[in-house]
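**Q**
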Amino acid sequence: MIREEMKKIWRPGMLLSLVILGLVFYTMFLEFYIKHFPNGPYNTGVVEISAQLIQKYGTSISEAEMEEFEQGLPKLRRQADQYVREGEFGKKYGLHTYKQYDAFCRKATEEASQNGETADQNEHYADAMRMHNYLQGDETNNIEGRLYAASWFVEIYQARKEQGADLENCSNQKERDHASFFYGKDKKWQNLLPQEVPETTSDYMGYLLIWICLSVCILLSPLPVCDRMNRMRALQYSSRRGRNIYHSQFAAVMLSAFLVTTANFTVFIGLFLKNGTAVFFPCKMYSFAMMQLSWPNWTYGVWCLILLMIGYLVAFGTAGLVFFLSHKSGNYIIMMLRVVPLGIFLAIFCPKLMENALYFNNPLYRFSGIAYVELLVAGVVFLVGMCCSRYFS
Numbered sequence: 389m390i391r392e393e394m395k396k397i398w399r400p401g402m403l404l405s406l407v408i409l410g411l412v413f414y415t416m417f418l419e420f421y422i423k424h425f426p427n428g429p430y431n432t433g434v435v436e437i438s439a440q441l442i443q444k445y446g447t448s449i450s451e452a453e454m455e456e457f458e459q460g461l462p463k464l465r466r467q468a469d470q471y472v473r474e475g476e477f478g479k480k481y482g483l484h485t486y487k488q489y490d491a492f493c494r495k496a497t498e499e500a501s502q503n504g505e506t507a508d509q510n511e512h513y514a515d516a517m518r519m520h521n522y523l524q525g526d527e528t529n530n531i532e533g534r535l536y537a538a539s540w541f542v543e544i545y546q547a548r549k550e551q552g553a554d555l556e557n558c559s560n561q562k563e564r565d566h567a568s569f570f571y572g573k574d575k576k577w578q579n580l581l582p583q584e585v586p587e588t589t590s591d592y593m594g595y596l597l598i599w600i601c602l603s604v605c606i607l608l609s610p611l612p613v614c615d616r617m618n619r620m621r622a623l624q625y626s627s628r629r630g631r632n633i634y635h636s637q638f639a640a641v642m643l644s645a646f647l648v649t650t651a652n653f654t655v656f657i658g659l660f661l662k663n664g665t666a667v668f669f670p671c672k673m674y675s676f677a678m679m680q681l682s683w684p685n686w687t688y689g690v691w692c693l694i695l696l697m698i699g700y701l702v703a704f705g706t707a708g709l710v711f712f713l714s715h716k717s718g719n720y721i722i723m724m725l726r727v728v729p730l731g732i733f734l735a736i737f738c739p740k741l742m743e744n745a746l747y748f749n750n751p752l753y754r755f756s757g758i759a760y761v762e763l764l765v766a767g768v769v770f771l772v773g774m775c776c777s778r779y780f781s
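Per my numbering, residue 389 is the first one in the sequence shown, and the count goes up by one each step.
1) Would you list the residues sitting across from Ser448 in a DSSP beta bridge?
2) So, with DSSP's three-state summary, where would you put Tyr513?
3) Taking its Cβ as the centre, do 16 or more other Cβ atoms sit within 10 Å of Pro429, making it buried, or is it exposed?
4) Is Lys495 helix, strand or coil when you go by DSSP?
5) Considering only their Cβ atoms, is the gap separating Leu734 from Ile598 smaller than 8 Å?
6) Between Gln650 and Lys672, how many whole angstroms is the CB-CB distance? I'm expecting something under 8 Å.
7) Taking three-plus beta-carbon pairs below 8 Å as touching, is the segment 398 to 406 in contact with the segment 489 to 509?
8) Using 8 Å as the threshold, is the C-beta distance between Phe570 and Met642 below it?
9) With DSSP as the reference, please indicate the residues paired to Tyr747 in a beta bridge.
10) Check the Cβ-Cβ distances between Gly731 and every residue of chain C, and say whether any is below 8 Å.
11) Within this structure, are the beta carbons of Gln578 and Glu393 separated by less than 8 Å?
12) By the DSSP assignment, the alpha helix (DSSP H) with Val542 in it spans what residues?
13) Per the DSSP calculation, Lys672 is bridged to which residue(s)?
14) Using 10 angstroms around the beta-carbon of Val769, count the other beta-carbons present and answer buried if the total reaches 16, otherwise exposed.
15) With Ile758 as the anchor, note down where its alpha helix (DSSP H) starts and where it stops.
16) Is the separation between the beta-carbon of Gly767 and that of Gly708 shorter than 8 Å?
17) Please classify Gln551 as buried or exposed, where buried requires at least 16 neighbouring CB atoms within 10 angstroms.
18) What three-state label does DSSP hand Cys789 in the structure shown?
19) Within the continuous alpha helix (DSSP H) that includes Cys738, where are the two ends?
20) Kindly provide the ranges of any alpha helix (DSSP H) runs that are 4 or more residues long and lie completely inside the segment 390 to 454, ordered along the chain.
21) Give me the residue from Ile531, Lys395 and Met454 with the minimum Cα distance to Asn431.
22) Note down, in chain order, each residue of its chain lying with its Cβ closer than 7 Å to the Cβ of Arg754, except the 5 sequence neighbours on either side.
23) Just to confirm, is the Cβ distance from Ser590 to Asn744 under 8 Å?
24) So, with DSSP's three-state summary, where would you put Ala468?
25) Would DSSP call Ser501 helix, strand or coil?
26) Helix, strand or coil for Ser559, going by three-state DSSP, please let me know.
27) To the nearest angstrom, how far is it from the Cα of Thr588 to the Cα of Gly718?
Below you can see the structure in the form of structure tokens.
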């Protein structure tokens, strides 16, 4: 019976529709986080320098190792000086060092801003923007972004060493007490992980979870209502085996939800890993480069697995709710009037659930004040879906 119910769900036309819609959704919402990661030259420099530090020092960096790294800053500055000196606009304006270039750009920008001029109206401002593009481009291997990242790492490391956690971002005593976990004798704050990595991952997973829930709704919602419209239930009740059809359909729905969720995770996470974030899997969730603290101190790789678990729980809960709503609908119109609001709610809910999950700045945590609330909410969604599908259908 389960096999027959699976055939009803996995129809060729439905699968083709899901593939097409998945490609459209990927292009509109997911592709950006792969093509434009890291976002901007400065973030690119931060991620690149972080990867180099991990390769050289491991997933944490001691004070002696940071001092050794700091000794390499003059070499980067000399490279930047050389690019400025040998560049077209450096020769044009007689700029010999990166410091002179920076002063020239600041002055040009201030003058253009005061006079309300654009790059087309102010030659100095236009040339300053071209110099920016030159020093942040492939020709110089983003020397400006790398120099910014290296200098920032040294500054923020020194600040964390002297001042500890940024308690201004802590809204209550519980958060301040938790900060001592990272700034105790073990010096867990010395971990290496750029903030761009978990932020991009959680944003990507939030949009991916929207698509997973929508694909579950699209794939599963026609099954019960179609049987009801074709008067299959009365016919099935004529046999003892047919009277247990709900159990078979429920099993087929859950198995289908698992398969479509796994397929989506496999394809879209495989695409996401092309951006090179896998190098950060051994790193801890919090580092001196993070602006927000995390509740656990798992590795980035384990955190990603937890996000997958949350995704499965929400997907199964969605499948149970869809099964219940479709079972109680007499036709496709009524079904859509019930399932569409659920889809809209999930489109709003999923990004908030995944955004910086298990960090202090997660929206659900900020609203509730409950640590690990993301896991709790995902569990509630799962239980509600199971209860509705099993006891009210």
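Even glycine gets a Cβ: it sits at the ideal position worked out from N, Cα and C.
**A** Looking at the coordinates:
1) Asn579
2) helix
3) buried
4) helix
5) yes
6) Checking the displayed sequence, the identity of residue 650 turns out to be Thr instead of Gln. Actually they are not in contact, since the Cβ atoms of Thr650 and Lys672 sit about 28 Å apart, beyond 8 Å.
7) no
8) no
9) Ser682
10) Here there is only one protein chain, and chain C is not present.
11) no
12) Ile531 to Gln551
13) Thr687
14) buried
15) First-last for Ile758: undefined, no H or E at that position.
16) no
17) exposed
18) Limits of the chain in this structure are 389 at one end and 781 at the other, which puts residue 789 out of reach.
19) Tyr720 to Met742
20) 390 to 397, 400 to 413, 420 to 423 and 429 to 445
21) Ile531
22) none
23) yes
24) helix
25) helix
26) coil
27) 42 Å
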